[in-house]
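Q: Residues in the sequence shown are numbered from 1 upward in steps of one, following full-length UniProt numbering.
Positions of the beta carbon are idealized from the N, C-alpha and C atoms, including for glycine.
Got a structure for you, questions after.
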Amino acid sequence: MDEPKKAGILQYDDEKHWGRLIYIAKKHLDIWSHRNIRPDYGQMKLSYMPLIFNVQQNGITNTEISKKALIAKQAMSRTVKELEEKGLITSQPLKKDKRSYKIHLTDDGKRFVNEANNKMLNLLDEYRKLVGDKEFDTAIDVLSKIIRYHEKLNLERDDVNE
């Protein structure tokens, strides 16, 4: 049986193991979020973040958020309800399709997003100091390309399955 050329690197070098690096980076960002964003807003769950950070100024539908944030509509419905109870968003059914609804940030929701974004910008400044602007911009470009690649793969699979 042929072994992949770089199997040794993938299996044994923690600094180069792609899956581990992505997982650990996500976990560290979650920990940072708990320590830096959550304290100001009490019982904020990390599961709220993909939803609330995808609400645009003029609102967004639940279907659009589901696609952008990769959240199942069923899971999102519960999150929408909880965020409404916290007074961070409002939702209204669409006239043309009562199963869909448009989500808007409340003033408190806008304040939360602005404060969280400012804290994130401070963290990104720390990253830039750590690795330099050029390397940081390259990292963003590379991750964006990889994400677009996977989005394209998922669209192609969705087209086949429909």
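#1: Taking the beta strand (DSSP E) that Q57 belongs to, which residues open and close that run?
#2: In whole angstroms, give me the CA-to-CA distance for H17 and P93.
#3: Is the beta carbon of S33 closer than 8 Å to that of M49?
#4: Pull up the distance between the alpha-carbon of D105 and that of S91, whole angstroms please.
#5: Assuming L88 and A69 are in contact, meaning their beta carbons sit under 8 Å apart, how far apart are those beta carbons, in whole angstroms?
#6: Where does I71 sit, in a helix, a strand or coil, going by DSSP?
#7: According to the neighbour-count rule (16 or more other Cβ atoms, all chains shown, within 10 Å of its Cβ), is A116 buried or exposed?
A: Result, derived from the coordinates:
#1: Run containing Q57: none; DSSP gives neither H nor E here.
#2: 45 Å
#3: yes
#4: Looking at the sequence itself, residue 105 is Leu, so the reference to Asp does not match. Distance between the alpha carbons of L105 and S91 is about 9 Å.
#5: At roughly 15 Å, the Cβ-Cβ gap does not stay under 8 Å, so L88 and A69 are not in contact.
#6: coil
#7: In summary, A116 is buried, with 16 or more beta-carbon neighbours lying within 10 Å of its beta-carbon over all protein chains present.
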